[in-house]
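So the structure is just underneath, and the comments pick up after that.
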Amino acid sequence: MKWYKKLHWQIIIGLILGLIWGLLSSAIGLQEFTSDFIRPFGDIFVTMLKLIAIPLVLASLVVGISSLNDMTKLSRMGGKTIGIYMVTTTLAIIIGLSVVNVMQPGKTLPLETRVSLMESYSDAVGDRDEAAREVLDRSPLAFIVDIVPENFFEAASDNANMLQVVFIAILLGIGIVKIPIQKGEPLINVFDALNEVIIKIVDLIMKTAPYGVFALMAVVIIDLAGDDLGQAVNLLQALGWYTIAVVIGLFLHVSIVYFSLFKIFSKMRLRDFLKAIQPAILLGFSTSSSVATLPVTMERVEKNLGVEEEVSSFVLPVGATINMDGTSLYQAVAAVFIAQALGMDLTIAQQLTIVLTATLASIGAAGVPGAGIIMLVIVLQAIQVPVEGIALILGVDRILDMIRTAVNITGDAAVAVAVAHTEGKLGALHFDEEDAVE
Ligand code: ASP
0 MKWYKKLHWQ IIIGLILGLI WGLLSSAIGL QEFTSDFIRP FGDIFVTMLK
50 LIAIPLVLAS LVVGISSLND MTKLSRMGGK TIGIYMVTTT LAIIIGLSVV
100 NVMQPGKTLP LETRVSLMES YSDAVGDRDE AAREVLDRSP LAFIVDIVPE
150 NFFEAASDNA NMLQVVFIAI LLGIGIVKIP IQKGEPLINV FDALNEVIIK
200 IVDLIMKTAP YGVFALMAVV IIDLAGDDLG QAVNLLQALG WYTIAVVIGL
250 FLHVSIVYFS LFKIFSKMRL RDFLKAIQPA ILLGFSTSSS VATLPVTMER
300 VEKNLGVEEE VSSFVLPVGA TINMDGTSLY QAVAAVFIAQ ALGMDLTIAQ
350 QLTIVLTATL ASIGAAGVPG AGIIMLVIVL QAIQVPVEGI ALILGVDRIL
400 DMIRTAVNIT GDAAVAVAVA HTEGKLGALH FDEEDAVE
């Protein structure tokens with residue numbers, strides 16, 4: 000098959016063309032055209048992915064759980080998943096802190112840039128601050144209470160309720176296992192068929208991914224450039240060291256932590272792993288949303304990495320909601336960067352506080368664009384750095400969101416492989432040659 004017919008190449012081509020179109024339209028004043036006539040296609044693409052996320056999680060998890068004949072397996076798998084998620088998140092923060100303390104990007108930010116950034120983004124900071132305050136005002140165990148829904152339809156009506164849907168699916172699956180097999184079987188067949196249908200729909204949606212990604216990229220660029228492309232370039236330059244620090248941290252995290260995870264828990268090579276889930280990574284990058292990417296992550300992890308459904312259907316939806324290595328690493332770098340730029344030296348105790356709060360803040364962040372920066376407010380408050388400092392980094396946040404989301408997704412998939420291996424549920428690697436887009 001010709002290389003350019005493969006899906007991941009088509010997505011990369013869409014991404015690059017979208018970038019070029021975005022730059023071109025910002026330079027020649029076609030932003031309005033792009034916004035009016037190209038943006039909707041990106042929106043439709045993301046909305047379609049979101050549309051199938053809840054039914055897919057429900058169907059595949061019910062099928063997965065009901066195939067477990069031994070329920071102790073479920074609690075073992077749950078414990079392992081949460082345990083590995085916590086460890087990788089903590090390591091991500093430690094890597095982020097190490098990079099930002101060595102590079103000290105905040106100390107290189109010129110005073111006049113600092114003042115002008117604080118002025119231009121002060122309104123936007125207020126919105127984030129308010130959103131974070133709503134989270135902080137809640138009781139400490141509210142997040143556990145929130146997992147238990149009082150109404151099935153309400154739970155299924157909002158993608159932000161992913162954990163509630165996981166809860167319902169587990170209950171249903173357990174219920175099915177506990178009744179006589181002849182009674183439970185028709186229900187399993189329904190969910191099984193639904194699952195197959197949705198996986199087919201994911202395939203169909205992915206055929207439009209190159210176009211969707213084109214539109215998403217073009218829009219990111221025009222939004223970023225605003226009315227003045229030159230100003231956006233200046234901003235990127237001013238925040239260059241900060242951006243590089245986050246990117247280096249993320250790169251180190253993937254190459255050290257996931258590499259080690261595979262060394263310990265499976266014999267998979269990091270390169271093969273990344274190749275197998277490439278379309279999911281690219282989609283995470285262009286949508287900036289772990290939840291929107293979830294259907295594709297699940298498909299790739301099952302089909303290409305050989306993770307059995309009973310593992311992937313639990314590990315991945317939970318991961319899309321609570322496991323965000325990229326986000327936690329970024330929060331650590333951002334918090335220290337802001338402190339440095341404001342001339343504050345953080346003590347060891349404050350840096351340890353970052354480890355704790357960034358773990359919680361990344362768990363609390365939703366898998367949607369821009370969630371990480373809202374939860375950053377919580378980290379800043381805990382170390383007594385003024386939240387207004389967020390203004391310093393808002394301008395480049397969208398770009399970093401794309402990269403950290405790609406890492407978040409990679410982390411979920413890596414843990415799925417590790418858990419599957421230890422449970423004896425990891426099949427052979429498989430690269431999809433049939434992924435052609437005709
Ligand atoms: N956009 C990220 C995600 O969906 C969350 C964040 O803002 O860091 O995984």
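Under numbering that gives the first Met the number 0, the letters of the sequence shown match residues 0 to 437, in that order. A virtual CB, placed ideally from N, CA and C, is assigned to each residue, including glycine.
Within 10 angstroms of the Cβ of residue i, are there 16 or more other Cβ atoms? Answer buried if so, exposed if not.
{"i": "Thr326", "result": "buried"}
{"i": "Ala141", "result": "exposed"}
{"i": "Asp122", "result": "exposed"}
{"i": "Leu238", "result": "buried"}
{"i": "Asp411", "result": "buried"}
{"i": "Gly211", "result": "buried"}
{"i": "Phe32", "result": "exposed"}
{"i": "His7", "result": "buried"}
{"i": "Ser259", "result": "exposed"}
{"i": "Phe313", "result": "buried"}
{"i": "Leu110", "result": "exposed"}
{"i": "Ser138", "result": "exposed"}
{"i": "Met70", "result": "exposed"}
{"i": "Tyr84", "result": "buried"}
{"i": "Leu23", "result": "exposed"}
{"i": "Val218", "result": "buried"}
{"i": "Gln181", "result": "exposed"}
{"i": "Asp136", "result": "exposed"}
{"i": "Phe44", "result": "buried"}
{"i": "Phe272", "result": "buried"}
{"i": "Ala291", "result": "buried"}
Roughly how many angstroms separate the alpha carbons of residue i and residue j, rounded to a whole number?
{"i": "Ala331", "j": "Ile187", "result": "44 Å"}
{"i": "Val124", "j": "Asn68", "result": "51 Å"}
{"i": "Ala340", "j": "Glu133", "result": "27 Å"}
{"i": "Ile169", "j": "Leu73", "result": "9 Å"}
{"i": "Val99", "j": "Phe261", "result": "26 Å"}
{"i": "Arg75", "j": "Ser265", "result": "18 Å"}
{"i": "Ile402", "j": "Leu425", "result": "28 Å"}
{"i": "Glu437", "j": "Gln9", "result": "Note that Glu437 scores a pLDDT of 48, beneath 50, so its modelled location is shaky and nothing firm can be said."}
{"i": "Gly105", "j": "Thr242", "result": "11 Å"}
{"i": "Lys5", "j": "Ile64", "result": "34 Å"}
{"i": "Ser285", "j": "Glu195", "result": "26 Å"}
{"i": "Tyr329", "j": "Val416", "result": "24 Å"}
{"i": "Ile15", "j": "Val246", "result": "19 Å"}
{"i": "Leu293", "j": "Ile51", "result": "9 Å"}
{"i": "Gly183", "j": "Leu193", "result": "16 Å"}
{"i": "Met161", "j": "Gln230", "result": "39 Å"}
{"i": "Ile347", "j": "Val354", "result": "11 Å"}
{"i": "Asp227", "j": "Met0", "result": "43 Å"}
{"i": "Phe166", "j": "Glu307", "result": "20 Å"}
{"i": "Ile392", "j": "Leu315", "result": "30 Å"}
{"i": "Ala155", "j": "Pro54", "result": "8 Å"}
{"i": "Ile19", "j": "Gly13", "result": "10 Å"}
{"i": "Val144", "j": "Phe190", "result": "27 Å"}
{"i": "Thr356", "j": "Gly77", "result": "23 Å"}
{"i": "Ile146", "j": "Gly318", "result": "14 Å"}
Just reading off the alpha helix (DSSP H) that residue i is part of, what are its end residues?
{"i": "Lys177", "result": "Met161 to Lys177"}
{"i": "Asn188", "result": "Ile180 to Lys206"}
{"i": "His252", "result": "Here His252 belongs to no alpha helix (DSSP H), and DSSP marks it neither H nor E."}
{"i": "Lys49", "result": "Arg38 to Ser65"}
{"i": "Asp128", "result": "Ser121 to Leu135"}
{"i": "Tyr3", "result": "Run containing Tyr3: none; DSSP gives neither H nor E here."}
{"i": "Asp324", "result": "Asp324 to Ala340"}
{"i": "Asn68", "result": "Here Asn68 belongs to no alpha helix (DSSP H), and DSSP marks it neither H nor E."}
{"i": "Leu304", "result": "Unbroken run through Leu304: none, as it is neither H nor E."}
{"i": "Val144", "result": "Ala141 to Ile146"}
{"i": "Ser259", "result": "Phe258 to Phe264"}
{"i": "Pro278", "result": "Gln277 to Thr286"}
{"i": "Asn233", "result": "Leu228 to Ala237"}
{"i": "Glu153", "result": "Phe151 to Ala155"}
Please report the Cβ distance between residue i and residue j, rounded to the nearest whole angstrom; I am assuming they are in contact, meaning their Cβ atoms lie under 8 Å.
{"i": "Tyr257", "j": "Leu269", "result": "6 Å"}
{"i": "Leu375", "j": "Ala334", "result": "7 Å"}
{"i": "Gly21", "j": "Met216", "result": "6 Å"}
{"i": "Leu108", "j": "Gly394", "result": "Leu108 to Gly394, Cβ: 12 Å. No contact."}
{"i": "Ile280", "j": "Ala405", "result": "5 Å"}
{"i": "Met323", "j": "Ser287", "result": "The pair is not a contact, with the Cβ atoms about 12 Å apart (cut-off 8 Å)."}
{"i": "Ile337", "j": "Ala131", "result": "At roughly 14 Å, the Cβ-Cβ gap does not stay under 8 Å, so Ile337 and Ala131 are not in contact."}
{"i": "His429", "j": "Asn233", "result": "No, His429 and Asn233 are not in contact; Cβ-Cβ is about 46 Å, not under 8 Å."}
*asked:* Could you tell me which whole alpha helix (DSSP H) segments of length 4 or greater appear in the segment 358-429?
replied: 370-381, 390-393 and 396-421
*Around the ligand SAH, what residues have a beta-carbon under 6 Å from a heavy atom of it, in chain order?*
Because the ligand SAH does not appear in the structure shown, any question about it cannot be addressed here, the ligands present being the ligand ASP.
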